[in-house]
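Below is one structure, written out as structure tokens; the observations come after it.
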Amino acid sequence: MSNPQSGRFETRAIHAGQPHEPVTGAVMPPIFMTSTYAQKAPGVPVGDYEYSRSGNPTRTALEANLAAIESGARGLAFASGLAASHTLMARLEPGDHVVAGDDLYGGTYRIFTKVFERYGIKFTFVNSGNPEEVAAAMTDRTRYVYVETPSNPLLRLTDIAACSKIAHDHGALLAVDNTFATPYLQRPIELGADIVLHSLTKYLGGHSDLVAGALVTSTDKVADELAFHQNASGGILGPMDSFLVLRGIKTLAVRMDRHCTNAMAVAKHLEASDLVDKVHYPGLESHPSFELCKQQMRAPGGMVSFELKGGVAAGVAFATGTDIFTLAESLGGVESLVETPPSMTHASIPADVRHAAGLMDGLVRLSVGIEHEADLLSDVDLALAKVARI
Ligand SMILES: *Cc1c(COP(=O)(O)O)cnc(C)c1O
């Protein structure tokens, strides 16, 4: 496609950043397995590249594609989502302040509090679902408002447009972790965000076969600053994984449609069970952000979490009682996964902090895959029967 910004989402996802390869006409972008590039004279490269930490054509194709599908100016691809977080935070100075949501991915909380607090960056964690709490936490040193929406694992929503206004009124940037929603369901930059973060490991890769991350910016200026730190610290994505993420993104729209219909069916099924106390899914009318979800997202996504009445023992019985849902960390692949956040993904958050944020011990999180809906519902029943027996 000559203009990667043109075309609707599904078209951009397949074509942006990937013109036919000029030498052979290959329709798919080659995997440029090279560390270095020939120079015509010292400091004068033959093409646009000098060394693959600074740039590699397969990674460039992915970065252009990510910018196009997130409606951003530029994209940067990293070795993992947390490598992207590292570069995002490396842009700050000691004494700078970040207002962050209190329901974050456990590894994000860990890198903020255990790594960057040691370098003099200050964090205030608030319920970002309440814009007043975000506004109240802003200081004259606040550089980022950092939110995840939907959040992990409670699927709480944050009003992106409201947070962008608060951040901009205080001269700060809004960064949104869009991993759970994906750009097919939600485009934060169109709602006023300045930076989007992704764990590409999840839905964008989509097949649980790689680890990768990304930052997408709304301006070239912020992209240049982040690209400096990316090149300086070196957490870049290799060409093979860049190719695999590009391949995953081609089917993102069709996968997400199925993830969403299956997740809605599973959420309704769980809500109807006597053994379940509460289901967290923004597509249910019982969800506190049901209306915001309709405004800000195309559909509610593929993640569902719920609290079983029987606490830890019930959560464990469910998570070990399924046949199709695999007990594993991570999410966003074509296959369904189940996990118990307090003892798995969120174990790095102290118990008192977890409880204060509403993350209870009997919580179970599902990444609903794209298998047949009826098989998934039978599998949920199988696990609930095991819960009933404890
Ligand atoms: C997995 C994840 C991350 C971290 O990404 P990695 O690729 O595992 O480093 C960040 N945010 C969210 C919401 C995630 O699910």
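Okay, so the sequence shown: first residue is 8 according to the working numbering, each after it adds one.
In this text, a Cβ means the ideal position worked out from N, Cα and C, and glycines have one as well.
Quick caveat, the model's predicted, so the values are computed rather than measured.
Can you have a look at Ser61 and say buried or exposed, based on whether 16 or more other CB atoms are within 10 angstroms of its CB?
-> Walking along the sequence shown from the start, residue 61 turns up at place 54. By the neighbour-count rule (16 or more Cβ atoms within 10 Å), Ser61 is not buried but exposed.
Would you check whether ligand 1 has a heavy atom nearer than 8 Å to the C-beta of Asp184?
-> As a working note, residue 184 is residue 177 in the sequence shown. Checking the Cβ of Asp184 against ligand 1 gives yes.
Unbroken stretches of the alpha helix (DSSP H), 4 residues or longer, contained in the region 266-328 = 297-303 and 318-326
For Pro52, which of helix, strand or coil comes out of DSSP?
-> Along the sequence shown, one-based indexing puts residue 52 at 45. Reduced to three states, the DSSP call for Pro52 is strand.
Enumerate in chain order the residues of its own chain whose CB-to-CB distance from Ala395 is below 7 Å, with the five nearest sequence positions on each side excluded.
-> The residue you call residue 395 lines up with position 388 of the sequence shown. Excluding sequence neighbours, Ala395 sits near Leu282.
Beta-carbon separation (whole angstroms), Ala335 vs Val371, contact threshold 8 Å = Within the sequence shown, numbered from 1, the residue matching residue 335 stands at position 328. Within the sequence shown, numbered from 1, the residue matching residue 371 stands at position 364. About 13 Å separates the CB atoms of Ala335 and Val371; that is not less than 8 Å, and the two are not in contact.
Provide the residue(s) that pair with Tyr151 in DSSP beta bridges, ordered along the chain.
-> Start at 1 with the first residue of the sequence shown, and residue 151 comes out as number 144. Partner(s): Val105 and Leu180.
Is it right to say His287 is buried, meaning 16 or more other beta carbons lie within 10 angstroms of its own, or is it exposed?
-> Here residue 287 is taken as the residue at index 280 of the sequence shown, counted from 1. Around the beta carbon of His287, a 10 Å sphere encloses 16 or more other beta carbons of the protein chains shown; the residue is thus reported as buried.
Straight-line Cα distance separating Ala71 from Ala219 = Your numbering for residue 219 matches position 212 in the sequence shown. Your numbering for residue 71 matches position 64 in the sequence shown. Cα to Cα, Ala219 sits roughly 16 Å from Ala71.
Flag Asn159 as yes when its Cβ comes closer than 8 Å to any non-hydrogen atom of ligand 1, and as no otherwise.
-> Translated into the one-based positions of the sequence shown, residue 159 becomes position 152. It does: the Cβ of Asn159 is within 8 Å (strictly closer) of some heavy atom of ligand 1.
Bridge partners - Glu342, DSSP secondary structure assignment = In the sequence shown, residue 342 corresponds to position 335, counting from 1. Note: Glu342 sits in no beta bridge, so no partner.
Host beta strand (DSSP E) of Phe130 (start-end) = Taking the first residue of the sequence shown as position 1, residue 130 is located at position 123. First-last of the beta strand (DSSP E) with Phe130: Lys129 to Val133.
When every heavy atom of ligand 1 is checked, does at least one fall within less than 8 Å of the C-beta of Thr189?
-> Translated into the one-based positions of the sequence shown, residue 189 becomes position 182. No, Cβ of Thr189 sits at least 8 Å from all heavy atoms of ligand 1.
Please list, in chain order, all residues of the same chain as Ser171 whose beta carbon is under 7 Å from its beta carbon, the five residues on each side excluded.
-> Here the question's residue 171 lines up with position 164 in the sequence shown. If we look at Ser171 and ignore the five residues flanking it on each side, its Cβ neighbours are Leu181, Leu198, Gly199 and Ala200.
Bridge partners - Gln46, DSSP secondary structure assignment = Along the sequence shown, one-based indexing puts residue 46 at 39. Gln46 pairs with Pro52.
Have a look at the DSSP bridge pairing and note the partners of Ala84.
-> As a working mapping, residue 84 is identified with position 77 in the sequence shown. Beta-bridge pairing links Ala84 to Ala221.
For Gln302, count neighbouring C-beta atoms within 10 Å of its own C-beta (all shown protein chains included) and say buried if the count is 16 or more, exposed if not.
-> For this step, residue 302 is matched to residue 295 along the sequence shown. Counting the other CB atoms within 10 Å of its CB gives Gln302 a total below 16, which places it among the exposed residues.
Would Pro49 be called buried (16 or more neighbouring beta carbons within 10 Å of its own) or exposed?
-> Sequence index remark: in the sequence shown, residue 49 carries index 42 (1-based). Exposed.
How about His218: is its Cβ closer than 8 Å to a heavy atom in ligand 1?
-> The sequence position of residue 218 within the sequence shown is 211, counting from 1. Correcting the residue type first, residue 218 is Val in the shown sequence and not His. True, at least one ligand heavy atom lies under 8 Å from that Cβ.
In the structure shown, what three-state DSSP assignment does Thr208 receive?
-> Here residue 208 refers to the residue found at position 201 of the sequence shown. Collapsing the DSSP output to three states places Thr208 in coil.
Per DSSP, Thr115 forms a beta bridge with which residues?
-> For the purposes of this step, residue 115 is taken as residue 108 along the sequence shown, with counting starting at 1. According to DSSP, Thr115 bridges with nothing at all.
Sort Ala90, Lys47 and Lys393 by Cα distance to Gly241 and report the nearest one.
-> Working through the sequence shown from its first residue, we reach residue 241 at position 234. The shortest C-alpha separation from Gly241 is found at Ala90.
What does DSSP give as the partner residues of Thr333 in its beta bridges?
-> Start at 1 with the first residue of the sequence shown, and residue 333 comes out as number 326. Answer is Leu344, bridged to Thr333.
So the beta strand (DSSP E) Ser13 belongs to, where does it begin and stop?
-> Locating residue 13 in the sequence shown gives position 6, where the first residue counts as 1. It is not in any beta strand (DSSP E) - Ser13 carries neither H nor E in the DSSP assignment.
Measuring alpha carbon to alpha carbon, tell me which of Ile243, Val106, Ile377 and Pro138 ends up nearest Leu207.
-> For this step, residue 207 is matched to residue 200 along the sequence shown. Residue Ile243 is the option with its Cα nearest to Leu207.
Count the other C-beta atoms from every protein chain shown that fall within 10 angstroms of the C-beta of Pro160, then say buried if there are 16 or more, exposed otherwise.
-> If you number the sequence shown from 1, residue 160 lands on position 153. Pro160 should be labelled buried.
Assign Gly102 to one of two classes, buried (16 or more other C-beta atoms within 10 Å of its C-beta) or exposed (fewer than that).
-> Mapped onto the sequence shown, residue 102 falls at position 95. The residue in question, Gly102, is exposed, as its Cβ has fewer than 16 Cβ neighbours within 10 Å.
Exposure label - Met420; buried when at least 16 CB within 10 Å = Because the chain in this structure spans residues 8 to 397, residue 420 falls outside the shown range and cannot be described.
Cβ neighbour criterion (16 or more within 10 Å) applied to Gln46 = By one-based count along the sequence shown, residue 46 stands at place 39. With fewer than 16 neighbouring CB atoms inside 10 Å of its own CB, Gln46 falls in the exposed class.
Could you please give me the residues that DSSP links to Ile202 through a beta bridge?
-> By 1-based counting over the sequence shown, the position of residue 202 is 195. In DSSP, Ile202 forms a bridge with Ala182 and Thr224.
Going by the C-beta, is Thr208 closer than 8 Å to any heavy atom of ligand 1?
-> Counting from one through the sequence shown, the residue named residue 208 turns up at place 201. Within the cutoff, so yes.
Tell me which same chain residues have a C-beta within less than 8 Å of the C-beta of Ala37, skipping the five on either side of it?
-> Along the sequence shown, one-based indexing puts residue 37 at 30. The identity of residue 37 in the sequence shown is Pro, whereas the question assumes Ala. Excluding sequence neighbours, Pro37 sits near Glu28, Pro64 and Thr65.
Burial state of Asp330 (16 or more Cβ within 10 Å) | Here residue 330 corresponds to residue number 323 of the sequence shown, with the count starting at 1. Exposed, because fewer than 16 other Cβ atoms sit within 10 Å of the Cβ of Asp330.
Apply the 10 Å Cβ neighbour rule to Ala279 and answer buried if 16 or more other Cβ atoms are within range, or exposed otherwise.
-> Residue 279 sits at position 272 when you count from the first residue of the sequence shown. Burial call: exposed.
Can you give the beta carbon distance from Asp284 to Leu315, rounded, assuming they're within the 8 Å contact cut?
-> Here residue 284 is taken as the residue at index 277 of the sequence shown, counted from 1. Here residue 315 is taken as the residue at index 308 of the sequence shown, counted from 1. Confirmed, Cβ separation roughly 7 Å.
Does the count of Cβ pairs from the region 83-98 and the region 136-145 closer than 8 Å reach three?
-> no
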